[in-house]
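Worksheet for the structure shown next.
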Amino acid sequence: ANERTAFVLRHMEGFKLEEVAEHMGVSLATAKRWLSRGAQRVSSLVETDNVLSGYSRERGGLNARR
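So the numbering used here is basically just the index in the sequence shown, starting at one, shifted up by 76.
Next up, the structure:
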């Protein structure tokens with residue numbers, strides 16, 4: 077649940093790393109760790125879906141900024 081919440085706050089709500097940590101009441105290092113794990117999980121799920129994996133590759137992957 078922590079990894080999912082951190083991921084949503086950062087990548088869907090647009091929070092800065094420091095804001096994610098503050099909002100969740102944890103250190104910046106912990107927030108970064110949760111974000112990394114969340115991103116890995118989302119990437120794994122996206123790669124197993126034919127439509128999402130193609131879309132992700134077209135957009136430059138999960139970490140691409142647009």
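Backbone N, C-alpha and C define an ideal beta-carbon position, used for all residues, glycine too.
Residue burial classification, residue i (beta-carbon count within 10 angstroms, cutoff 16)
{"i": "Arg142", "result": "Unreliable positioning characterises Arg142 in this predicted model, as indicated by a pLDDT of 42, which lies under 50. A coordinate reading is not provided."}
{"i": "Leu121", "result": "exposed"}
{"i": "Arg86", "result": "buried"}
{"i": "Leu111", "result": "buried"}
{"i": "Glu89", "result": "exposed"}
Nearest neighbour of residue i, chosen from the options [CA to CA]
{"i": "Leu78", "options": "Glu123, Asn126 and Arg109", "result": "The sequence shown places Asn at residue 78, not Leu. The candidate whose alpha carbon is nearest that of Asn78 is Arg109."}
{"i": "Gly101", "options": "Gly90, Ala82 and Ser129", "result": "Ala82"}
{"i": "Ala107", "options": "Arg133, Ser132 and Val84", "result": "Val84"}
Check: Counting pairs of beta carbons, one from the region 112 to 124 and one from the region 89 to 103, are three or more of them closer than 8 Å?
Finding: no
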